[in-house]
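Visitor: Residue 57 in the numbering used here sits at position 77 of the sequence shown, with consecutive numbering throughout.
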Amino acid sequence: HRSAERNFCSMLQWLQSRSKFPGTQEIISEPQAWSGFTALVGFLIVFRTSQAYSRWWEGCSHIYAMRAEWLCTVSSVMSFCKEARASEKEVRRFKHIFIRLMSLLHASALAQVEEGSDITKS
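1) With distance defined between alpha-carbon atoms, name the residue in G39, A45, Q31 nearest to E94.
2) Would you say I25 faces chain C, with C-beta separation under 8 angstroms as the test?
3) Rounded to a whole number of angstroms, what is the C-alpha to C-alpha distance between K75 and E63?
4) Using 8 angstroms as the Cβ pair cut-off and three pairs as the minimum, do the segment 73 to 87 and the segment 51 to 58 touch?
5) Less than 8 angstroms separating the beta-carbons of V26 and F(-12)?
6) Looking only at its own chain, which residues have a Cβ that is under 8 angstroms from the Cβ of T18, when we skip the five neighbours before and after it?
7) Starting from the C-beta of S102, find all residues in its chain whose C-beta is less than 8 angstroms away, skip the five residues before and the five after it, and write them out in chain order.
8) What three-state label does DSSP hand A64 in the structure shown?
9) Below 7 angstroms CB to CB, which residues in the same chain sit around H86 once its five sequence neighbours on both sides are set aside?
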């Protein structure tokens, strides 16, 4: 992490040396200013990364909860089919169609979540 801070400070010093703003050379020569600035930038980077990481895990847990709820729904419907008055063939056909539709629903929900991602786009 220290080398990244040094590189960032070096880049800022280079940008400041090219600027035409009065008084910037005095700020650059003060190590306390750079120390405070790098501490602030480091804190902001860590804070934002931590927030993004927690949001990502929250999204993952919601997706798993969604999957569990749909699995519970399918299980309930399958158990209700045991008491159906329809023929065995119709019940089996209904089960197959229902499971396929729920699978398609889950796949489309995951595709909707993935649309925001630029990983697969070329």
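Glycine included, every Cβ here is placed at the ideal spot set by N, Cα and C.
Guide: Answer, in terms of the structure:
1) Indexing the sequence shown from 1 puts residue 94 at position 114. Comparing Cα-Cα distances from E94 to each of G39, A45, Q31, the minimum goes to G39.
2) The structure shown has no chain C; it contains just one protein chain.
3) The count along the sequence shown starts at 1 and reaches residue 75 at position 95. The count along the sequence shown starts at 1 and reaches residue 63 at position 83. So the two alpha carbons sit approximately 13 angstroms from each other.
4) yes
5) In the sequence shown, residue 26 corresponds to position 46, counting from 1. In the sequence shown, residue -12 corresponds to position 8, counting from 1. Going by C-beta atoms, V26 is not nearer than 8 angstroms to F(-12).
6) For this step, residue 18 is matched to residue 38 along the sequence shown. Answer for T18: E(-15), F(-12), C(-11), listed in chain order.
7) Within the sequence shown, residue 102 is the residue found at index 122, counting from 1. Residue placement at S102 is flagged as unreliable, the pLDDT there being 48, under the threshold of 50; the coordinate-derived value follows with that caveat. So no residue of the chain qualifies.
8) If you number the sequence shown from 1, residue 64 lands on position 84. In this structure, A64 counts as coil in the three-state DSSP scheme.
9) Locating residue 86 in the sequence shown gives position 106, counting from the first residue. Within the same chain, H86 has close Cβ partners R47, W50.
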